[in-house]
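Please read the structure below before turning to the comments.
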Amino acid sequence: MKNRSLVSINDYSKAEIIKVLDLAEEFEKNPRQTILNGKVIASLFFEPSTRTRLSFESAVQQLGGSIVGFSSAATSSVQKGETLKDTILTVSNYSDLIVMRHNIDGSARYASEVASVPIINAGDGANQHPTQCLLDLYSIRKTQGTLDNLDIAFVGDLKYGRTVHSLTMALSLFNTRFHLVSPPELKLPSAVKRHIKEANLKYEQYTDFMDVIPACDIIYMTRIQRERFPDPLDYEKVKNAYILENAMLANSKENVKVLHPLPRVNEINEDVDSNPKAYYFQQALNGVFVRQALVASILGLV
Amino acid sequence: MSTKRKELIVSAIQNGTVIDHIPAESVFQVIRILGLDKTDKQVYFGINLESKKYKRKGIIKISEKYFENFEVNKIALVAPTATLIEIRDFDVVSKSNVKIPETIEKIVKCFNPNCITNHQQVPTKFKVFYDENNQMKLACHYCEKNTSPANFVFV
Ligand SMILES: [Zn+2]
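Sequence lines, in order, name chains Y and H. Residues 1 to 302, numbered by the working numbering, are exactly what the first sequence covers, in order. Residues 1001 to 1155, numbered by the working numbering, are exactly what the second sequence covers, in order.
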């Protein structure tokens, strides 16, 4: 992993994914260290994302590294029309590693080709968000003790949700049984299902949420956005069909955990929050350890 | 068709290239992507010709023109069955089937409007793959979205 950019979860093999998760486990035990002393990490958020940016910056600063960068394109030279290439080349001179988020699909891959330092993709448009994927995997392994042979339900918008796509691809390496719950309009795209089939794994598609709850080890919730429906009436029909309420977990397995990439709107009722099966807030915290593991391993310090 | 007449169709140009076995419906697209509608060279074309291998085929003959690799790749993308025949002094000097390469660079635009290649000066780059219906598609190296032949726009 040393000196290699992380743009897409597919850039990592199964062994490399496991190595990052193992390292993250070490950082969770001991998150305050000085191994990034003297290192400068550029944090380039061409598109604002406070949640992801704070997680990265906290991860770096807890390890003694320093941060340069910007939190939106409006406060950078990009606003003056500077090309992505020029920004990346300039920042490469000032930093040991670049974390970037951009609203354009494929921007991170391109940046990794022009930069002289490694890039970590913190989200490129609708394409990839590999650190979210890794923190999801970490959360699953931490709560279940394994990534192998689990029953995992994805619920909500499976068509447009990039986190669902990357996570499905990664979980296809671990003998997962996929339960795909969505309105017919928002089914998982066939290009993603192809990964499941190529791994000789099984998936089932459902429109009724209640059918899958008792079988699952993980319930991964996502937001259904109104703007995904050309006809607002179609949205009205499904908007309440994929909301998780505490009572619905009555017949769930003892070990089940509810995950969500956050921010949520109404798809998880607040009465779930106090249930020990709710895990979405801890899930977000795990992002710090995973990001520490990534920065440290890409810089060759662990 | 007699052998004599067939020869006439293939070698009516002194020097240049004959593109044979083009699917009949793709002839005009091949003309467009190769810029043959704007050339000052002599160009002949035929559509809905009889063919043993295919029901109806098209053929294009271009005088004084031999194609570069990137042009052959363009032809392969819209007319994967095509044959290229090189003519010198009325003789066929070589015959080859076009072949779709594993990667396609610079010649097709990415269909995803939000792709970096449609926003900054980044040349396109695709991996060719075949989906479960054996339909050829291009997977963008940058945005990872797929572009189907129906959506090909040539650079
Ligand atoms: Zn693209």
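Ideal placement from N, C-alpha and C gives every residue a C-beta, glycine not left out.
Requested in this report: At 7 Å on the CB atoms, spell out the chain Y contacts of Val1122 of chain H, in chain order.
Outcome: By 1-based counting over the second sequence, the position of residue 1122 of chain H is 122. Under the 7 Å cutoff, chain Y gives Tyr110.
Query raised in the report: Is the distance from the Cβ of Ala1012 of chain H to the Cβ of Lys1065 of chain H below 8 Å?
Result: Here the question's residue 1012 of chain H lines up with position 12 in the second sequence. Here the question's residue 1065 of chain H lines up with position 65 in the second sequence. Not a contact, by the Cβ cut-off of 8 Å.
**Report entry** Limits of the alpha helix (DSSP H) - the one that Met169 of chain Y falls within
**Finding:** Start at 1 with the first residue of the first sequence, and residue 169 of chain Y comes out as number 169. Per DSSP, Met169 of chain Y is one residue of the alpha helix (DSSP H) stretching across 162 to 171.
Query raised in the report: Are the Cβ atoms of Ala250 of chain Y and Leu23 of chain Y separated by less than 8 Å?
Result: If you number the first sequence from 1, residue 250 of chain Y lands on position 250. If you number the first sequence from 1, residue 23 of chain Y lands on position 23. Not a contact, by the Cβ cut-off of 8 Å.
Requested in this report: With a 10 Å radius around its C-beta and 16 neighbouring C-beta atoms as the bar for buried, classify Gly287 of chain Y as buried or exposed.
Outcome: By 1-based counting over the first sequence, the position of residue 287 of chain Y is 287. In the assembly as shown, Gly287 of chain Y is a buried residue. Its beta-carbon has 16 or more other beta-carbons within 10 Å.
Query - Any C-beta of chain Y under 8 Å from that of Val1146 of chain H - result: On the second sequence, position 146 is the one that residue 1146 of chain H refers to. According to the sequence as given, residue 1146 of chain H is Asn; it is not Val. Interface residue, yes.
Report task. Check Asn1048 of chain H in the structure and name its three-state DSSP category. Result -> The sequence position of residue 1048 of chain H within the second sequence is 48, counting from 1. DSSP places Asn1048 of chain H in strand when its eight states are reduced to three.
Report task. For Ile1116 of chain H, return the contacting residues in chain Y, with the cut-off set at a CB-CB distance below 7 Å. Result -> Sequence index remark: in the second sequence, residue 1116 of chain H carries index 116 (1-based). Those within 7 Å of Ile1116 of chain H in chain Y are Ile104, Asp105, Gly106, Ser107, Tyr110.
Query raised in the report: Which term fits Leu285 of chain Y, buried or exposed, when burial requires 16 or more other beta carbons within 10 angstroms of its beta carbon?
Result: Sequence index remark: in the first sequence, residue 285 of chain Y carries index 285 (1-based). Label assigned to Leu285 of chain Y: exposed.
Report task. Leaving aside the five residues before and after Arg226 of chain Y along the sequence, list all residues of the same chain whose C-beta is less than 6 Å from its C-beta, in chain order. Result -> The count along the first sequence starts at 1 and reaches residue 226 of chain Y at position 226. Closer than 6 Å at Cβ, skipping near neighbours: Tyr235.
Query raised in the report: So what's Val40 of chain Y in DSSP terms, helix, strand or just coil?
Result: Mapped onto the first sequence, residue 40 of chain Y falls at position 40. Reduced to three states, the DSSP call for Val40 of chain Y is strand.
Requested in this report: Just the chain H side, please: which residues come within less than 9 Å of Arg101 of chain Y by C-beta, in chain order?
Outcome: Position 101 of the first sequence, counted from the first residue, corresponds to residue 101 of chain Y. From the beta-carbon of Arg101 of chain Y, no residue of chain H is found nearer than 9 Å; the closest lies around 14 Å away.
Query raised in the report: Distance, Cα to Cα, Asn37 of chain Y vs Gly106 of chain Y?
Result: In the first sequence, the residue the question calls residue 37 of chain Y occupies position 37. In the first sequence, the residue the question calls residue 106 of chain Y occupies position 106. Whole-angstrom Cα-Cα distance: 31 Å.
Query raised in the report: For Val364 of chain Y versus Thr222 of chain Y, is the C-beta spacing smaller than 8 Å?
Result: Nothing about residue 364 of chain Y can be reported from this structure: the residues present for chain Y run from 1 to 302 only.
Query - Cα-Cα separation between Leu1034 of chain H and Val1108 of chain H, rounded to whole angstroms - result: Start at 1 with the first residue of the second sequence, and residue 1034 of chain H comes out as number 34. Start at 1 with the first residue of the second sequence, and residue 1108 of chain H comes out as number 108. Straight-line Cα distance between these residues: approximately 13 Å.
Query raised in the report: Any idea what DSSP makes of Ile1060 of chain H, helix, strand or coil?
Result: The sequence position of residue 1060 of chain H within the second sequence is 60, counting from 1. Looking at Ile1060 of chain H - three-state DSSP - the assignment turns out to be strand.
Query raised in the report: For Glu1068 of chain H, which residues in chain Y fall below 8 Å Cβ to Cβ?
Result: By one-based count along the second sequence, residue 1068 of chain H stands at place 68. Within 8 Å Cβ-Cβ: nothing; Glu1068 of chain H doesn't reach chain Y, min ~25 Å.
Report task. Please check if any C-beta of chain Y sits within less than 8 Å of the C-beta of Asn1112 of chain H. Result -> Position 112 of the second sequence, counted from the first residue, corresponds to residue 1112 of chain H. Yes, Asn1112 of chain H lies at the interface with chain Y (some Cβ there is under 8 Å from its Cβ).
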